[in-house]
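J.: Heads up: the protein sequence lines correspond to chains A and B, in order.
When the letters of the first sequence are read in order and numbered with my numbering, they come out as residues -3 to 583.
When the letters of the second sequence are read in order and numbered with my numbering, they come out as residues -3 to 583.
Protein chains: 2
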Amino acid sequence: MPIRLSNLFLRTLREDPNEAEVTSHKLLLRAGYIRRAGSGLYTWLPLGLAVKAKIEKVVREEMATAGAQEVFFPALLPREPFEATGRWTEYGDNLFRLQDRKKADYLLAPTHEEMFTLLVKDLYSSYKDLPVCLYQIQNKYRDEARPRAGLLRGREFVMKDAYSFDVTDEGLAKAYQAQRDAYERIFTRLGVEYVIVKADAGAMGGSASEEFLSPSPIGEDTFVRSPGGYAANVEAVATVVPPKISIDGQAVAEVLLTPACSNIKRIVAWSNENNPRTDGTEWSAAHTLKNNVMALVSPEGKRELVVVGLPGDREVDVKRAEAAFSPNEIEQANEEDFKQHPELIKGYIGPVKDGQAVLGLTGVSKIRYLLDPRVVEGTAWISGANESEKHVFGLVAGRDFNADGVVDIAEVRAGDQAPDGSGPLELARGIEIGHVFQLGRKYAEALGLQVLDENGKLVTVTMGSYGIGITRMIAVLSEANHDDKGLIWPEAVSPADVYIVAAGKDEAVYEAAEKLALELEAKGKTVILDDRQKVSPGVKFGDAELIGVPNIVIVGKGLEQGDVDLWDRRSGERRPVKVESALAELL
Amino acid sequence: MPIRLSNLFLRTLREDPNEAEVTSHKLLLRAGYIRRAGSGLYTWLPLGLAVKAKIEKVVREEMATAGAQEVFFPALLPREPFEATGRWTEYGDNLFRLQDRKKADYLLAPTHEEMFTLLVKDLYSSYKDLPVCLYQIQNKYRDEARPRAGLLRGREFVMKDAYSFDVTDEGLAKAYQAQRDAYERIFTRLGVEYVIVKADAGAMGGSASEEFLSPSPIGEDTFVRSPGGYAANVEAVATVVPPKISIDGQAVAEVLLTPACSNIKRIVAWSNENNPRTDGTEWSAAHTLKNNVMALVSPEGKRELVVVGLPGDREVDVKRAEAAFSPNEIEQANEEDFKQHPELIKGYIGPVKDGQAVLGLTGVSKIRYLLDPRVVEGTAWISGANESEKHVFGLVAGRDFNADGVVDIAEVRAGDQAPDGSGPLELARGIEIGHVFQLGRKYAEALGLQVLDENGKLVTVTMGSYGIGITRMIAVLSEANHDDKGLIWPEAVSPADVYIVAAGKDEAVYEAAEKLALELEAKGKTVILDDRQKVSPGVKFGDAELIGVPNIVIVGKGLEQGDVDLWDRRSGERRPVKVESALAELL
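1. Around the C-beta of residue 336 (chain B), are 16 or more other C-beta atoms found within 10 angstroms, so that it is buried, or is it exposed?
2. I'd like to know if residue 35 (chain B) contacts chain A, where contact means its C-beta is closer than 9 Å to some C-beta of that chain.
3. What's the C-alpha gap between residue 465 (chain B) and residue 153 (chain B)?
4. Within 10 Å of its beta-carbon, does residue 83 (chain A) have 16 or more other beta-carbons around it, so buried, or fewer, so exposed?
5. Within its chain, find whatever has a CB closer than 7 Å to the CB of residue 17 (chain B); leave out the 5 residues flanking it on each side and keep chain order.
6. Helix, strand or coil: how does DSSP classify residue 115 (chain B) here?
7. My parser needs the alpha helix (DSSP H) runs of 4 or more residues fully inside the stretch 297 to 350 of chain A; what are they?
8. Closest by CA to residue 281 (chain B), which one among B:261, B:322, B:288?
9. Is the separation between the beta-carbon of residue 133 (chain B) and that of residue 56 (chain B) shorter than 9 Å?
10. Going by Cα to Cα distance, which pick from A:113, A:45, A:26, A:180 is closest to residue 59 (chain A)?
11. With 9 Å set as the bound, which would you pick, yes or no: does the beta-carbon of residue 100 (chain B) sit closer than that to a beta-carbon of chain A?
12. Sort B:341, B:298, B:310 by Cα distance to residue 323 (chain B) and report the nearest one.
13. Going by beta-carbon coordinates alone, are residue 209 (chain A) and residue 190 (chain A) separated by less than 9 Å?
14. Give every residue of the same chain whose Cβ lies closer than 6 Å to the Cβ of residue 198 (chain B), excluding the five residues on either side of it in the sequence, and list them in chain order.
15. Is the CB of residue 68 (chain B) under 9 Å away from at least one CB in chain A?
16. Evaluate contact between the stretch 383 to 394 of chain A and the stretch 430 to 438 of chain A, counting only Cβ atoms and requiring at least three cross-stretch pairs below 8 Å.
17. Using three-state DSSP, classify residue 496 (chain A) as helix, strand or coil.
18. For residue 223 (chain A), is the classification buried or exposed, using 16 other Cβ atoms within 10 angstroms of its Cβ as the cut-off for buried?
19. Enumerate, from N- to C-terminal direction, the unbroken alpha helix (DSSP H) stretches of 4 or more residues contained entirely within the stretch 470 to 542 of chain A.
20. Counting pairs of Cβ atoms below 8 Å between the stretch 481 to 493 of chain A and the stretch 538 to 546 of chain A, do you hit three or more?
21. Scan the stretch 5 to 28 of chain A for residues whose Cβ lies nearer than 9 Å to a Cβ of chain B and list them as they occur along the chain.
22. Give me whichever residues DSSP pairs with residue 420 (chain A) in a beta bridge.
23. Assign residue 102 (chain A) to one of three DSSP states: helix, strand, or coil.
24. Check whether the stretch 438 to 453 of chain A and the stretch 96 to 115 of chain A are in contact - that is, three or more C-beta pairs closer than 8 Å.
25. Using beta carbons (cut-off 9 Å, strictly below), is residue 428 (chain B) in contact with chain A?
26. Output yes if chain B places a C-beta closer than 9 Å to the C-beta of residue 197 (chain A); else output no.
27. Should residue 250 (chain B) go down as buried or exposed, given a rule of 16 or more other Cβ atoms within 10 Å for buried?
28. Please name the residue or residues paired with residue 52 (chain A) in a DSSP beta bridge.
29. Answer with buried or exposed for residue 228 (chain A), where buried requires no fewer than 16 other C-beta atoms within 10 angstroms of its C-beta.
30. For the beta strand (DSSP E) holding residue 128 (chain A), just list the boundary residues, first then last.
31. Check the Cβ of residue 42 (chain B) against every Cβ in chain A and list those closer than 7 Å, keeping chain order.
32. Figure out for me which residue from B:415, B:291, B:482 has the closest Cα to the Cα of residue 220 (chain B).
33. Run through DSSP, which three-state label would residue 577 (chain A) get?
34. Please report the distance separating the alpha-carbon of residue 155 (chain A) from that of residue 289 (chain A).
35. Tell me, please, whether the CB atom of residue 495 (chain A) is closer than 9 Å to any CB atom in chain B?
36. Between the Cα of residue 549 (chain A) and those of A:574, A:531, A:530, A:529, spot the shortest distance and give me the residue it belongs to.
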């Protein structure tokens, strides 16, 4: 049966709703696909549900092709499994927690690694049972600090999450590839542009974690790509480490009075004026060592100060820092922190004072000191001297100071070199639509998922996790497929195959439109029929453009000459065809 | 693609799991349809998901036929709408409540009356927009005090809930009938036996609320039916009120010393011995007035005592009492209550003492006094006299005592007369599988859902709510369709149309089974294929019986003669057919 606008539960809006900022959100509200039910919570109207069902169907088909089997877990889960893996605490404020009437702890699951692990443990016990790949399509929950952009970042959202279980690393690699391939097929079928980017620094072999990003100016993720094909999430970009420099023969470090030079700009200006470089070039911010005092707050609430030294021309990238210090949250050091560490002189912090280490676990401060990878042995720096209005010049890494480790959290810039030597990076923004991840044995170990191998020995299973944001995908598709008149769905996800507008007052128009709708449905096409009798053609055309079915048929004035108009929503082209041939044209 | 047991995520169990008490729960666990994830929380395995999908498909088709449109709400909802209707409090401990990171109150929705009301208010404003009927199929939450019987009473479960919106009462009646008809079609298609019972006492016209119960000895609901076709939930049975009796000429009430007669049995025995009836018949419990002291606890926690007087041969029915006093919870009066009311002498409580009212708002106790409908004017009773070891005889209702009202909470017994005169009632047990309910204007009033009528006047919309337990249905179907070997699904809900067992070691057996499976799938049939090569025929047959697909094909020994066996799971009948004709037989 065609969806008839005369009784469809729908009210299109001419104006952009106040609550919406991004285009997809505005259009999905205006065209009657969703309504707001609460902060980060959305209600699906019939048209929205139709699009969602189409996406789910494509995902199910490709999961089946990839050999994954569908299951379905509760969203409400007991605390214990998440306690066993530490995630009950690690999730921090992002987790919705609650208690039942017996005061037992529960949560609304953001993902289901623990439960899938326990389910396989529950049913399977031998290597012969593996490999297995399971998935579900399910409502997830995340107590976002700032729910925004409609479906892009909600607090209740639908995800497909899949998990693979293998005995060997080779098995995991194969399962990972099968899901990765399925994702490529899914996104291609859905008509969504995507880039596959590395999502971690490749410590586990480079393919351990990849994200599928859809390029978009409103994306929350920044990614980089090189002419040679490197692509990575900005969190995953490994800085190209410069070669060490010989320490031999470098000038001795020298402390100078640097009045009113408590920031990088001033110390650079002062240096060029009062202590110019001997090679004729200018000092720049890149010659200074900026020491950032940061506070890491663990999920349990423990606060630890850390100082990160990086070239003064680079800022800390918050997302890279969050990734590097996960699961800790990061705060700027506050007045209280400085009060407890009088050895830290704001604006003049540096690794050493009078040749003695100040920063670092073996230094005076006992504060962990980490360096940017660019601060290699032999590099010389201008740094604060831990005294007011004093800096030290020619402070050489590996000679004058050391650190507790390296941390790669400085911003990535366009023009930086790709870590694989494939050329300079360009930066772009994207929306994460999928994630494939070799979890390894972390969850299986925490929850005791072992099977007997061929020799009767217990071995721990290795896992992968693979997610696609179903509801987010609808926002992504809307962002990428619209014009100033409204949405323009790719055929694979359109709420109907054909949209018929009966335009006019003549009863014959409505009869012809109805007849065509039924004929199309009889041929397996889904149809939206605008059969509203008291609505003007202008309003009907506007609604057709807003709702965004790509194939529109107008049954109107032309009918007297035996014509209907085929209207391509994307190109805007309209052309008359004979009523008798309309059906054939639309199949 | 056929579902292949060689890789299906499944582990059948030979033994009944300890956690299960009722048959459906045992079999669904043993046959690998569900697994427990927590108290009242279940995970759906692939076979279970297949059955669930079939039920949802039938429900969706019949909802569409009934003109209902599908939407989908969040399960996580803000407190405010539920506060507006009072349900935030009324739900008491049954509601899962939680707070987000900003300490705002949320709940996991048990049903969505408020949200549907607000959605229609959000989109619609005119009588021309109505009627509309909306539904969703969604996970619901209820913090059950005692989750039990697997899917029959869980804490997360799937329901179809529909809501109708009309301007007029006639419109509501029509919408109600359309849903009621759809329910009959749905249950018939699913092959589930059902009885439609009145679910309230008919104060709103008799059809205001009906339940669909599936008769079952493990049902939690007791219902009654009469030979003349009356059927009602036990909560909804209205007692047939006997005619009044003339007070004129009845003997004066008389207080007697009744030593050690603090219960009904003793006072009846004492009376027959020491104060026999003058008409030659015996005293019985039915001649005594039993005064039950009960405490009503409001959702806000307010405690109120109430005394209910009923014939001594009837007990209070807890469910009827809960329904009558809803939303209050009911407790027995405790020692503290009696301490605060020294005028209540346990075992000797009655409405009057020395001619003065003791019970009732105008009595000494100020405790509300309610009477069973059988205690009509002119009936004479043996009652406690509010003094230790004293009873009053011939206490006449309407002459010697009065009450604050009538309450119909005494147990219903087999043999009681149906309220519509259709004969004596019989009692049976059933499981609630559906509920249709004319809500009227309660929610629309609380949430301000009004539309303009034909005269431009604002009128409040009238609503109906209609629910079907989707996951519960699976348990109900399992209860009704099994034998000692396992499940026997009705065809409409079977996880597959055909179940093929390849039994034997010969490769030809597996090839023939595979060929038949693919041919069946090509013809649109779904197939489960037991293609496990190292499993004995006995185990395979056992699994086939446990899993319960009604049509089984055995490809085995007979293949040498060109035969396969068709096995009717329900009747147990097996008959050989030629391989070439098997396909035709199964279509």
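Glycine included, C-beta positions come from ideal geometry on N, C-alpha and C.
T.: In terms of the structure at hand:
1. exposed
2. yes
3. 8 Å
4. buried
5. 145
6. helix
7. 314 to 321, 331 to 336
8. B:261
9. yes
10. A:180
11. yes
12. B:298
13. yes
14. Confidence in residue 198 (chain B) is poor, its pLDDT being 44 and thus under 50, which makes the residue's placement unreliable; the coordinate value appears in the next sentence. Answer for residue 198 (chain B): no residue qualifies.
15. yes
16. no
17. strand
18. exposed
19. 503 to 518
20. yes
21. 5, 6, 7, 28
22. A:413
23. strand
24. yes
25. no
26. With a pLDDT of 48 at residue 197 (chain A), under the threshold of 50, the modelled position of this residue cannot be trusted; read the value that follows with caution. No, no contact with chain B.
27. exposed
28. Partner(s): none; residue 52 (chain A) has no beta bridge.
29. buried
30. 128 to 137
31. 65, 66, 67
32. B:415
33. helix
34. 38 Å
35. no
36. A:574
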